[in-house]
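All remarks here apply to the structure that follows.
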Ligand SMILES: C[S@@+](CC[C@H](N)C(=O)[O-])C[C@H]1O[C@@H](n2cnc3c(N)ncnc32)[C@H](O)[C@@H]1O
């Protein structure tokens, strides 16, 4: 079976039938819950029992959001598929769900979100489903808006299924350009089925420890579970990247060439027979930078 992303745009792929099939498969329910638990762990929220306001990007029918509720947090879910959100509402999930395309930006107020997870969704941004879609611009809009709505020091943990290294790099590049610091944590790197890549991003200066945790099974231990998500994740790197928001250009003050140089040039022009204004006390004078 080709990857879901190659079959149809997400709002059509996750139609009524697929949304129900997805949510009633005990296998998928179990896998998504496990990935969401791990994403929550990687969010590294303070263990003080205070409920946090979290974002679930590409929340679908609420399987991932349920893990957030079970751990005592409030959440806002964001998804492009009306059918997935209908199932979420039918299931009476505790989060507030919104219909929207993350590729157009999240449109949330700055600094209000304590953390974000996204489970099996962000790779969809790498595919142009319409002639107006430019994956790079969509990633830029997404990561820019995600960075803005997160509180400083908050994390976003995005589990995704990149199709190849180019996609992984493109996603990482746009995350870094938005101002995030972070890297990729890969669990079960030696298992083709259980392998999971999590992009762990920190917004601005981190208030907690920024070093990335080790991926599960990195030391060769194998995971017995397999995963029928329909995705093969080919990325092998565990990269650690620094905050890379483009710095403001430094002002370069141009040094003038000096009176001596101007006088010499004028003399040369005169010698060539050109009509050159006479030298005065104003010749080569320093002008104010602004008029
Ligand atoms: C594999 S499902 C995962 C759903 C949920 N996170 C879970 O763990 O069960 C991927 C979800 O991403 C959503 N999605 C894909 N592209 C999206 C976009 N551009 N904006 C918002 N949601 C999107 C899909 O509609 C779908 O519900």
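In this note's numbering, the protein residues as written are 8 to 298.
Just so you know, even glycine gets a beta-carbon here, dropped at the ideal spot from N, CA and C.
On a predicted model such as this, the values are computed, not experimentally measured, just so you know.
Q | DSSP bridge partner residues for residue 4 (one or two, in chain order) | A | Not covered by the structure: residue 4. The range shown for the chain is 8 to 298.
Q: Indicate whether residue 128 and residue 67 have their beta-carbon atoms separated by less than 9 Å.
A: yes
Q | Span of the alpha helix (DSSP H) around residue 164 | A | First-last for residue 164: 157-167, but that is the beta strand (DSSP E), not the alpha helix (DSSP H).
**Q.** residue 284 versus residue 149: straight-line alpha-carbon distance, rounded
**A.** 59 Å
Q.
Quick check: residue 64 and residue 18, are their CB atoms within less than 9 Å of each other?
A. no
Q: Could you pull out every residue in the same chain whose Cβ sits closer than 7 Å to the Cβ of residue 247, ignoring the five residues on either side in sequence?
A: The predicted position of residue 247 is uncertain, since its pLDDT is 46 and thus under 50; a value taken from the coordinates is nonetheless stated next. Answer for residue 247: 190 and 219, listed in chain order.
Q | Residue from 73, 52 and 211 with nearest C-alpha to residue 100 | A | 73
(Q) Nearest by alpha-carbon distance to residue 179: which of 130, 139 and 197 is it? (A) 130
Q. When a residue counts only if its C-beta is closer than 5 Å to some heavy atom of ligand 1, which residues count, in chain order?
A. 17, 21, 39, 65, 67, 70, 71, 86, 87, 88, 91, 108, 109, 110, 126, 127, 128 and 131
Q) Where does residue 159 land, buried or exposed, given buried means 16+ other C-beta within 10 angstroms? A) exposed
(Q) Alpha carbons only, please: which of 102, 123, 95 and 141 is nearest the one belonging to residue 21? (A) 95
Q) If residue 123 sits next to residue 153, beta carbons under 8 Å apart, how far is it from one beta carbon to the other, in whole angstroms? A) 6 Å
(Q) Can you tell me where the beta strand (DSSP E) holding residue 286 begins and where it ends? (A) Here residue 286 belongs to no beta strand (DSSP E), and DSSP marks it neither H nor E.
Q: Taking all protein chains shown into account, decide if residue 15 is buried (16 or more other Cβ within 10 angstroms of its Cβ) or exposed.
A: exposed
(Q) Helix, strand or coil, according to DSSP, for residue 24 in the structure here? (A) helix
Q | With 16 other Cβ atoms within 10 Å as the buried cut-off, status of residue 110 | A | buried
Q.
Please return the same chain residues whose Cβ sits closer than 6 Å to the Cβ of residue 45, not counting the five positions on each side in sequence.
A. none
Q) Using the rule of at least 16 other Cβ atoms within 10 Å of the residue's Cβ for burial, across every protein chain shown, is residue 277 buried or exposed? A) exposed
Q: Determine the burial state of residue 196: buried for a count of at least 16 other Cβ atoms within 10 Å of its Cβ, exposed for fewer.
A: buried
Q. Measuring CA to CA, which of 166, 69, 126 and 107 is closest to residue 222?
A. 166
Q. In whole angstroms, what is the alpha-carbon distance linking residue 56 and residue 126?
A. 24 Å
Q: Answer yes or no: do residue 51 and residue 143 have a C-beta to C-beta separation smaller than 9 Å?
A: no
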